[in-house]
Each structure stands twice: as structure tokens, then as C-alpha cells.
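Protein chains in written order, with the working numbering: chain A, 854 to 1345; chain B, 319 to 457. To keep things clear, I will list the structure first and then write my remarks on it.
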């Protein structure tokens, strides 16, 4: 592996963004964005393979020695997140010119690609860096660009939902900054690894407690943990279709990674769960998210909005895995991050197809679509099965590990509740299937346009991958397990 | 625009001085307080003053939106480009020491170029934000 690949992982998308502005022509900007994202995807796979073969990588930016300068540090956990973020970005981007045609004026397409690349840069930077303040800087880059991406939706409500997200996101970002500041006050360092060593010596005092509260609350807003999720349904519903497919699979996943990195990698299990009882807060919230958000999803009339609420529920599963704090549970949380990214971005791409051919994603307008767009709706069914967690799909693998983890802690009611909440997913997925396959298309409904291959193929690729990783789990669950063991054991 | 003669004369006097001071802050940043961000803000302040006194349309004729777009993108490219060159010359990303034959000369050149990139981007972005807000029609 070339030693500069960790830096190129963020530098290439970062520098491609201004190139998109300079070129301005939509096709050219798209070509640059495609080249950058696919390079980043390949790069992250090389990095993941290297990390799995030889162990963590450390890269000193600017050549400054590590605890003092900014370090990029990559282990099996963030190497996996890098692959998810770049892979989803690259695949979603394939069909974007076709999808944007309908939703964004042509003269602003280059701005979409620029913001897309900047958002990806921010997410990759948050993932790859080993420096606490750097996390905040990249968080701001990704947040600001995602607000502008969301505001480009075709209705005026996109602007208000972007503003709502901006207010919530800024509060979240500020909380994270305050938490990092307090940690810096206690430890005198910004390097995450250095911080965890020094925290182990100082132990839990009040400043540490407050910093944990700020960081958990701040990342919970970005992660859309149940009572702090109100920005998410609007943002996902009114953003352009490909933006939703991209953000749903990446932004909340990186926020989950940041939370896991701080809780396990910096504070450590002993401090966060033993002395400060974080699990007593997170576990009930996770269960509430699974039930409340899934129930709300059942009553939605817009399928995109329904999937958004389903995302809030799925965050609950990831959070459950984190709060169990044993290897199986944490593996379940991390592997669900991977699986849910595939399933949800695939489903949102299906919604992009539906929007293009029918002109809306409302449930009423999807009547009888099963016969008109067979491949599209079949993809939806496949993704829906994954959301439910039917054996043979990726969703089953995550829930299996979560239930194992719950049983390991003797929390059998949690295991039962996890299974019960899957039944709610059956209901909301079934509603769409019922409308699309068992209802006649009204006679006065316009004939749907044929599904564009440039969107359908990526959707099938993502959903097909979710089935592949439901059967062959060594790459997804295997890496997740290694990451979980590292977080719980060697990672202090 | 025949009114406000005092304002216009004073602005004409001040704007070149503000710009000159911005350049001083930009290039003296290596030795004293200052640097790209501060210089960019001061330079943008000069342009904003011009727009306030002589009108938005006049200012837009001099600083066209497309030109500002090119300026702020090239600022980012200049900053990142320095990093890419240091990697190509066998150093780490933004390890200025490898830029020239001599470590210290390399560091000086690296900081100068990076700060220039920051200055360009900050000026262009601030002016763009001002134009965007000032150009909005009242509801």
C-alpha cells in the first residue's frame, strides 16, 4: 500500500469539489464527481484490506509527530465505515444525472455535485481522523454541505426542513465541541488515543461526566436517536431523491461511529458503562425508537416519509447493540450499520425511480405499480424483507447478533422486544406491497414512464449486496466482530 | 448617485488603503499577527464598502459572480495543491519542508501559498454571501 493513501482518501474528494465549480457543465461535473467517488471507494477497500492484514495505520499530517500534530488513524472499525460511506456515495452517484433532471434546475446541478463531494469529504474526514478537534471541523463541513443539499429539493418545504435540520444540527455540533473542549481541559490533548490513556488515569470526575453528556447528546442529535430525531423525517422526505439515498446511508452511520469511538475508544467501557451508567440511558431510548418510530411509520401516506421513520427505528437497533456492551451485541450494532446502509440507500433509490416514473412517492399513487414497474417493485420487496429481517437477508444477520447479545447479558425481555418490533416492520412494508400488488391501478392514473436503468441497476446492486451479505457474512459480520472485539478489549 | 458626496469621496480615499492594509496583513502574516483569513475579511470589507456606497450593480460589474466562484474554488485548489505537491515530492500531506531544497525556505513558501489560498477563498466567499443577501428582493 502506498503510504499516502490515507491522506488521499479525503484530499481527492475535497479537491474535486472546487473543480466541479470551475467546470460548471453538469455532465463534466458529474464525471469529476464519479471519478473522485470511485477512486475513494477503491482506495478505502485497499485500506481495509491492509488494516485487516497488518493492523492499524497511523498517518501524521504535515509530518508533525503524532500526539502533537493531527493524526489520521485507521483501524478495522473506521476502515469498515470508510468502505460503507465511499461505496454508497459511488453507487448512488451513478444514476444521479437522471434523477436530478426532474428535481433540480440544470444550471444548479454542478452545485449539487460540489456539495455532495464536500459532504462526503466531511464524513470521510470525521471517520478517518484520530484527532478530536478535527472531528468537529469535518463535522461542520459535512453538516453545512448536507443542509444545502437538502434545501435543493423541488418543493419549498425542502428549504424549511433544511433550516430545521440546520438549527438542530448546529446545536448538536456545538454540544460536541463543548464536550471536546471539556475533555481537552481534563486531559490536555486532542489526540483520541492519547486522550483515552490520560482519562484512564484521571478517572470519572464531574468535568468528565459533563463532557460525556455533551458528546452523547450532540452525536445523538446527528444520529437521530429517538426523541432527538425530529429533523430527520422532513429532511429525508423533501431532499432530492439521490440526496436522501446518500445521506440516509452515510450521515447517521458516521454519527454512530463517532458515538462508538468516543464511548468505547476514549471513555472506555469501564468509565462509560461501569461508573457512569450510559447503558441505562441508551437502552430504553433504543427500545422506544424501535417501537414508536416503527408505529409512526405505519401511519405515513408518503412512502419516502415512511422509510425515513423506519430509519429512526433502525437507529434504535444500532443503539441497542452499542448499549449492550458485549461482543455479540456490539457486533450486531456495527453490522447493522453496514446492512442498513445497503438496504436503506437501495430502497431510497427505488423511491427515486418511482418519483421519476409516477411523479410522486405517495402511497395512493403507487396503486397497481407492481404490474407496471415489476423490476422496481420487486427491488422494494427485497429491501423490505431486509428491513424486517427475514432469514437470508442482511437484516436477519444484524438482528441475530443483537438477540444473541441481549441473551448473553440475561436481558431476555430485550430479545423478545427486538423480535416483536420486527413485526411492526412487517406491517409498514406490507402496506406498500398490498397497494402495489393487490390494488388495481385507477383508470384515470397516467401511464408510468419506464424505469431508467441508470437508477434501477444501482438499486438492484445495493439490494442484491444486502442479500449477498445476508448469506456470506464473513466480510460484513466478520469485520464487525473484529472491530467490536477491538473496542471492548484492546481499544481500552 | 450625486448625493452623499462626502461618503463617496471618503470611500474612494479609504478603499485603496483598506485593500493595501489587507495585503499587508496577508503577506506579513509570516512575521506578525495576521494571515489569510484576516486579510481576506479586510479585503472583502473594502469591496462591501464599495457596494454600499456606489450600489450593488456597480460592485457586481467589477466583481462578477462567476469570477468570485472561480476565485474561491482556486483558493481551495491552491491550498490542497500545495499538499499534493508535498506528497509528490516524497513528504506527507502539507509537509512544507520538502517543497524546496532547504527545509526553512520550503516551510516559508508553503505557508505563504497556503495562506494565499485561504485569503482568496475567504474574500470571494464573503463577497458572495454579501451579494446573495443584498441581492434578495424584499418580501
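Glycine included, each C-beta is placed from N, C-alpha and C at the ideal position. Just so we're clear, the structure is a prediction, and the values are computed from it rather than from any experiment.
Proximal residues to residue i (C-beta, below 6 Å), its chain only, five neighbours per side dropped
i               : result
residue 995(A)  : 972, 975 and 976
residue 1201(A) : 1097, 1098 and 1101
residue 1092(A) : 1003 and 1006
residue 863(A)  : 974, 977 and 978
residue 1259(A) : 1267 and 1268
residue 377(B)  : 368 and 369
residue 364(B)  : 333, 336 and 337
CB-CB length for residue i against residue j, believed under 8 Å
i               : j               : result
residue 1249(A) : residue 1242(A) : 5 Å
residue 832(A)  : residue 905(A)  : In this structure chain A extends from 854 to 1345, so residue 832(A) is not present and cannot be described.
residue 1025(A) : residue 989(A)  : Actually they are not in contact, since the Cβ atoms of residue 1025(A) and residue 989(A) sit about 11 Å apart, beyond 8 Å.
residue 959(A)  : residue 923(A)  : Not confirmed; about 39 Å, so no contact.
residue 1095(A) : residue 949(A)  : 4 Å
residue 438(B)  : residue 393(B)  : 3 Å
residue 1169(A) : residue 1079(A) : 7 Å
residue 968(A)  : residue 1014(A) : Incorrect: roughly 16 Å between the Cβ atoms, too far for contact.
residue 1274(A) : residue 1143(A) : 4 Å
residue 859(A)  : residue 912(A)  : 4 Å
residue 1017(A) : residue 1087(A) : 6 Å
Cutoff 7 Å; reference residue i; Cβ partners in own chain excluding five residues on either side
i               : result
residue 1344(A) : Its pLDDT being 43, under 50, residue 1344(A) is placed unreliably by the model, and nothing is read from it.
residue 986(A)  : 1033 and 1043
residue 431(B)  : 396 and 400
residue 1246(A) : 1238, 1239, 1319, 1320 and 1323
residue 1149(A) : 1162
residue 418(B)  : 424 and 427
residue 1128(A) : 1057
residue 386(B)  : 442, 445 and 446
residue 872(A)  : 885
residue 1063(A) : 1035
residue 1030(A) : 989
Residues near residue i by beta carbon distance below 8 Å, same chain, minus five either side
i               : result
residue 1228(A) : 1304, 1309 and 1313
residue 1415(A) : Any answer about residue 1415(A) is impossible in this case: the structure gives chain A only from 854 up to 1345.
residue 1301(A) : 1210, 1211, 1222, 1225 and 1226
residue 869(A)  : 885, 886, 888, 889 and 970
residue 1055(A) : 1039, 1040 and 1061
residue 1253(A) : 1185
is_contact[residue i, chain B] using C-beta, thresh 9 Å
i               : result
residue 969(A)  : no
residue 915(A)  : yes
residue 1150(A) : no
residue 1043(A) : no
residue 804(A)  : Nothing about residue 804(A) can be read from this structure; chain A reaches only from 854 to 1345.
residue 867(A)  : yes
residue 965(A)  : no
residue 921(A)  : no
residue 1047(A) : no
residue 1117(A) : no
Reduced DSSP secondary structure (H/G/I, E/B, other) of residue i
i               : result
residue 911(A)  : strand
residue 926(A)  : strand
residue 1215(A) : strand
residue 857(A)  : coil
residue 1344(A) : Here the model assigns residue 1344(A) a pLDDT of 43, short of 50, so the residue's position is not dependable, and the following value carries that caveat. If DSSP states are grouped into helix, strand and coil, residue 1344(A) belongs with coil.
residue 982(A)  : strand
residue 1346(A) : What the structure shows of chain A is the stretch from 854 to 1345, and residue 1346(A) is not part of that stretch, so it cannot be assessed.
residue 1155(A) : strand
residue 448(B)  : helix
residue 935(A)  : helix
residue 1178(A) : coil
residue 1202(A) : helix
residue 949(A)  : helix
residue 1104(A) : helix
Any C-beta of chain A under 9 Å from that of residue i
i              : result
residue 448(B) : no
residue 401(B) : yes
residue 395(B) : yes
residue 355(B) : no
residue 358(B) : no
residue 352(B) : no
residue 347(B) : no
residue 373(B) : no
Residue i: CB within 8 Å of a non-hydrogen atom of the ligand NAP
i              : result
residue 889(A) : Absence of the ligand NAP is noted for the structure shown, with no ligands found whatsoever.
Task: Chain-ordered residues of the segment 870-884 of chain A with a beta carbon less than 9 Å from chain B - done: So the list reads 870, 871, 872, 873, 874, 875 and 877, given in the order they occur along the chain.
Task: Members of the segment 403-415 of chain B near chain A, C-beta cut-off 8 Å - done: For the segment 403-415 of chain B, the beta-carbon criterion of a distance under 8 Å to any beta-carbon of chain A is satisfied by 405, 409, 410, 411, 412, 413, 414 and 415.
TODO: Name, going along the chain, the residues of the segment 322-341 of chain B whose beta-carbon falls closer than 9 Å to a beta-carbon of chain A.
DONE: From the segment 322-341 of chain B, no residue has a Cβ closer than 9 Å to chain A.
Task: Cβ-based contacts, 7 Å cut-off: residues of the segment 421-455 of chain B near chain A - done: Residues of the segment 421-455 of chain B whose Cβ lies closer than 7 Å to any Cβ of chain A: none.
Task: Near-chain B residues of the segment 1015-1027 of chain A - C-beta to any C-beta below 7 Å - done: Flagged: no residues at all.
Open item on the list: Can you pull out the residues from the segment 380-391 of chain B whose beta carbon lies closer than 7 Å to at least one beta carbon of chain A?
Closed with: Here the close residues are 387, 388 and 391.
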